[in-house]
Amino acid sequence: MLSRDAQVDGARLLGASDTGSTDVARTFDDLVEMQKAADQAHARVLELRDAYGRPTQTVWSQEQTEAYEKAWRDWWKAADHVQAAVTQYARDEEKSRYGVETSVRTKARHPEPEPA
């Protein structure tokens, strides 16, 4: 589970503000960090599903249902923010949206090893 600091950092990277508006990613690296946050949120959804069992095969308690639904909403919001930011970044940079998205996901999920 993400620490409170990681959750706050993730919200900042996702562009969330106190007013509910979103900021556009300023750099490619911002997009990569947003994708990493979305991937972490997705991992949390999978973690809960694995811990609780599939909802169609196991009866969940109210607490389990609420925890899963919150994790799913968090993932959905993070993924939505990434998609919007990728679209805007591609438009601003006059690049292929597909190309930007592919590059972001690749860098977020398969970072290059640090030089020795």
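Adding 1165 to a residue's 1-based position in the sequence shown gives its number in my numbering. The beta-carbon is built from N, C-alpha and C at its ideal position, and this holds for glycine as well.
For Ala-1224, the three-state DSSP class (helix, strand or coil): Ala is not the amino acid found at residue 1224; the sequence shown has Val there. Val-1224 carries a coil assignment under DSSP once its states are collapsed to helix, strand and coil.
Using three-state DSSP, classify His-1246 as helix, strand or coil. helix
Check each candidate in Lys-1201, Ala-1216, Gly-1264 and name the one with the smallest Cα separation from Trp-1240. Lys-1201
Flag this pair as yes or no: are the beta carbons of Val-1197 and Ala-1249 separated by less than 8 Å? no
Using the rule of at least 16 other Cβ atoms within 10 Å of the residue's Cβ for burial, across every protein chain shown, is Val-1251 buried or exposed? Under this definition Val-1251 is a buried residue.
Run the CB neighbour count on Arg-1209, radius 10 Å, all protein chains shown included, and call it buried at 16 or more, exposed below. buried
If you follow the alpha helix (DSSP H) that Ser-1268 is in, where does it begin and where does it stop? Taken as a continuous stretch (DSSP letters only), the alpha helix (DSSP H) holding Ser-1268 covers 1262-1274.
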